[in-house]
Amino acid sequence: MKQLLILSGKGGTGKTTIASAFIKLSEAKAFADCDVDAPNLHLIMSQSQDYKRTDYFGLPKANINTDLCIQCDQCRQNCRFDAINVDNFYTVSDHACEGCGVCEVICPEGAISLKPAVAGDLMLYIDNAVFSTAKLRMGSGTSGMLVTEVKKQMKSYAVDTELAIIDGSPGIGCPVIASLSGVDMVLIVAEPSISGINDMERIINTAEKFKTKTAVCINKYDTNIENTEKIMAYCHRLNLPFIGKIPFDKKAVEAINNGLSIVDIDCIAGNETKKVFEATLNLLSED
Amino acid sequence: MVLSNKKIAVLSGKGGTGKTLVSVNLAASAKDAVYIDCDVEEPNGHLFLKPKDIESEPISIKIPSVDKSLCDGCRKCVDFCKFNALAYIYNRLIVFEEVCHSCGGCALFCPKNALSEKEKTIGEVQKGVSENVSVITGILNTGEASGTPIIKKLMNEASTLKEPTFIDCPPGSACIVMDSIKDADYCVLVAEPTLFGVHNLNMVYELVKLFNKPHGVILNKCLESENPAEKFCIEKGIKILGKIPFDNQLGILNSNAKVAVRENEEYKDIFSTLLQKITKEVLV
Chain A
4 MKQLLILSGK
14 GGTGKTTIAS
24 AFIKLSEAKA
34 FADCDVDAPN
44 LHLIMSQSQD
54 YKRTDYFGLP
64 KANINTDLCI
74 QCDQCRQNCR
84 FDAINVDNFY
94 TVSDHACEGC
104 GVCEVICPEG
114 AISLKPAVAG
124 DLMLYIDNAV
134 FSTAKLRMGS
144 GTSGMLVTEV
154 KKQMKSYAVD
164 TELAIIDGSP
174 GIGCPVIASL
184 SGVDMVLIVA
194 EPSISGINDM
204 ERIINTAEKF
214 KTKTAVCINK
224 YDTNIENTEK
234 IMAYCHRLNL
244 PFIGKIPFDK
254 KAVEAINNGL
264 SIVDIDCIAG
274 NETKKVFEAT
284 LNLLSED
Chain B
768 MVLSNKKIAV
778 LSGKGGTGKT
788 LVSVNLAASA
798 KDAVYIDCDV
808 EEPNGHLFLK
818 PKDIESEPIS
828 IKIPSVDKSL
838 CDGCRKCVDF
848 CKFNALAYIY
858 NRLIVFEEVC
868 HSCGGCALFC
878 PKNALSEKEK
888 TIGEVQKGVS
898 ENVSVITGIL
908 NTGEASGTPI
918 IKKLMNEAST
928 LKEPTFIDCP
938 PGSACIVMDS
948 IKDADYCVLV
958 AEPTLFGVHN
968 LNMVYELVKL
978 FNKPHGVILN
988 KCLESENPAE
998 KFCIEKGIKI
1008 LGKIPFDNQL
1018 GILNSNAKVA
1028 VRENEEYKDI
1038 FSTLLQKITK
1048 EVLV
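Chains as they are written, first to last, in our numbering: chain A, 4 to 290; chain B, 768 to 1051.
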């Protein structure tokens, strides 16, 4: 299975719009949404209402048995995450606790234990294709591990598939690093703004560390032609394949609001996306 | 009416919605203000505000360091580490710095005192001034997993400020967003007029409800067509603070990293009105 990951360094550039178009165009039999903080792909790609949901357990959280606690304060003093609150009793803040277990070991009375905690929901749609997605519960911090689960879930149900398309997570941190590992190619969607260029440079830098084949396209390129040219020059300088530009298109917003992908309707953005898709497939099949 | 030391957090559930546009322009509309960029993975506010006289401070975390002569290979640290940041291979203890959460447990519990902690730089905090705005930016180095230590530093900084402070939050509703809004007096939620926008708005709406924070919505990129985000606010009874139209001129100013209120009277009016409205809400 070849895995294509779509990244942008930041949300709002059109990752999901392009991912959903690619899925339609390739009739991909496997795809996944790795933006576990704010997944959107299911809004236009969910095939049926039926899906398999499983609890995702992140790292366990500490729990203090107040009957045994002698308020020696050792746990609070040694917690690096400020997760121990002292009121009348000693308690643990679930949002702050990272489950490291220092408090459990340090407690002289054995009053603290680590308890499993549900940190998110994994969803799997199996219809014409395998679609793996997830949603992190609010305030949970282990999104990288959940991203790994999303990819694992997709792979284990779609073993014989040629192409898998993965909608990446925004940023450059832990979830992005988890989405990057093991993919065959990254398509970066850039926006022609000064901040978009900044984000793009940071994500290229991150992808480079993984030595993954990388190509760049620009979305909404005509909103700032000058910056579009800057991005193209930048790619040229770095010897990164630049594989197309998609114009801003009000029809794209309409399509999404009707739960459709931009290649489902006749629009310029959709037509240009088709060209980007072909160029991507050509690159992906090269060794 | 002045905001004085109030903290206004700007959230969106997702990047690209206009958090930076809103927080930068609100800060620039105030008399004196502080702008804090908590989107440490992709800080962009400084590109607009172009602060001068920048001072940087490196931010580091503590990671374990092994004294091989003292380690007897008991593997207590390896067994303890919940993050699998340590391994004992070929008679040698190896530290995987990228996955270490800096809990300090391995050094604390090593029976031979073979582990100590050393500092590792993961990013920096930059401070500068842009006209009426003090700009504080957190930057995570590429390849580093978590910006939480940088956000904590930024929030400590914020707690000492006397000026109204606008916090540009990271996207999403994960733990780093919670850290960013914990001490906020008011939350401004920015929403796009799409189906995605509603879904993302709902996430941060749930978050501010959970934290019991007073809040209101700014509808960004408004087109003439139907606005699902506006409909959502009306249905849920969420206060709409104002609307920012989708227009090419604003788009061009924004994509060239210009502060709209410093370039154009029309936007100055829009954001001043928004600021007044927020001030009223905060001081109620």
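Glycine is no exception: its CB is placed at the ideal position from the N, C-alpha and C atoms. On a predicted model such as this, the values are computed, not experimentally measured, just so you know.
Check: Same chain, Cβ closer than 6 Å to A:Pro-178, five either side skipped, listed in chain order; Outcome: Ser-146, Gly-147, Val-150 and Ser-172
Check: Run of the beta strand (DSSP E) containing B:Gly-742, from where it starts to where it stops; Outcome: One cannot answer for residue 742 of chain B here, as it falls past the ends of chain B, which runs 768 to 1051.
Check: Beta bridge counterpart(s) of A:Tyr-2 as assigned by DSSP; Outcome: Chain A is shown from 4 up to 290; residue 2 of chain A falls before or after that span and cannot be answered.
Check: Any C-beta of chain A under 8 Å from that of B:Asn-967; Outcome: yes
Check: Cβ-Cβ distance between B:Gly-780 and B:Leu-968 below 8 Å; Outcome: yes
Check: The region 7-14 of chain A contacting the region 257-272 of chain A, beta-carbon criterion three pairs below 8 Å; Outcome: no
Check: A:Ala-120 classed as buried or exposed, judged by whether at least 16 other C-beta atoms fall within 10 angstroms; Outcome: buried
Check: Min CB distance B:Ile-917 to chain A below 8 Å; Outcome: no
Check: Cβ-based neighbour list, A:Ala-22, same chain, cut-off 7 Å, excluding 5 preceding and 5 following; Outcome: Ile-9, Leu-44, Ile-168 and Asp-170
Check: Beta-carbon proximity of B:Pro-831 to B:Val-801, cut-off 8 Å; Outcome: no
Check: Per DSSP, cross-strand counterpart(s) of B:Phe-1013; Outcome: Answer is none; B:Phe-1013 lacks a bridge partner.
Check: Ordered list of beta strand (DSSP E) runs contained in the region 209-281 of chain A, each at least 3 residues; Outcome: 216-222 and 245-249
Check: Contact between the region 926-940 of chain B and the region 83-90 of chain A (3+ Cβ pairs under 8 Å); Outcome: no
Check: A:Ala-218 and A:Leu-243 closer than 8 Å at C-beta; Outcome: yes
Check: Residues near A:Asp-58 by beta carbon distance below 6 Å, same chain, minus five either side; Outcome: Val-121
Check: C-alpha gap between B:Pro-878 and A:Gly-102, whole angstroms; Outcome: 22 Å
Check: Helix, strand or coil at A:Tyr-160 according to DSSP, with G and I counted as helix; Outcome: helix
Check: 8 Å contact criterion, which A:Ala-272 and A:Lys-248 should meet: CB distance rounded; Outcome: Rounded, the Cβ-Cβ distance is 10 Å, inconsistent with contact.
Check: Which listed residue (B:Ser-790, B:Val-965 and B:Pro-825) has its alpha carbon closest to that of B:Glu-1002; Outcome: B:Val-965
Check: Selection from B:Leu-860, B:Lys-894, B:Asn-923 and B:Lys-829 that minimises the alpha carbon distance to B:Ala-881; Outcome: B:Leu-860
Check: First through last residue of the beta strand (DSSP E) which encompasses A:Gly-144; Outcome: Per DSSP, A:Gly-144 belongs to no beta strand (DSSP E) and is neither H nor E.
Check: Extent of the continuous alpha helix (DSSP H) to which A:Gln-77 belongs; Outcome: 77-81
Check: 8 Å Cβ cutoff met for A:Ala-137 and A:Lys-32; Outcome: no
Check: Short CB-CB distance (under 8 Å) between A:Arg-83 and chain B; Outcome: yes
Check: Where the region 102-122 of chain A meets chain E: residues whose CB sits under 7 Å from a CB there; Outcome: Going by chain labels, chain E is absent from the structure shown, which instead holds the protein chains A and B.
Check: Residues near B:Asn-994 in its chain [Cβ-Cβ closer than 6 Å; skip 5 each side]; Outcome: Pro-960
Check: Check whether B:Cys-844 and B:Leu-837 have beta carbons under 8 Å apart; Outcome: no
Check: Inter-residue spacing [alpha-carbon to alpha-carbon] between B:Lys-798 and B:Leu-816; Outcome: 15 Å
Check: Assigned exposure category for A:Asn-285 - 16 Cβ within 10 Å defines buried; Outcome: exposed
Check: Bridge-paired residues (DSSP) for A:Met-126; Outcome: A:Arg-56 and A:Thr-136
Check: For A:Asn-88, three-class secondary structure by DSSP; Outcome: strand
Check: Enclosing beta strand (DSSP E) for B:Leu-921 [first to last residue]; Outcome: Premise fails: B:Leu-921 lies in the alpha helix (DSSP H), 915-926, not in any beta strand (DSSP E).
Check: Beta-bridge partners of B:Phe-978, as assigned by DSSP; Outcome: None, per the DSSP bridge assignment.
Check: Simplified DSSP state of A:Gln-74, which is helix, strand or coil; Outcome: coil
Check: Assumed close pair B:Val-769, B:Val-955 - CB separation to whole angstroms, cut-off 8 Å; Outcome: 18 Å between Cβ atoms; not a contact.
Check: Beta bridge counterpart(s) of B:Cys-954 as assigned by DSSP; Outcome: B:Ala-776 and B:His-982
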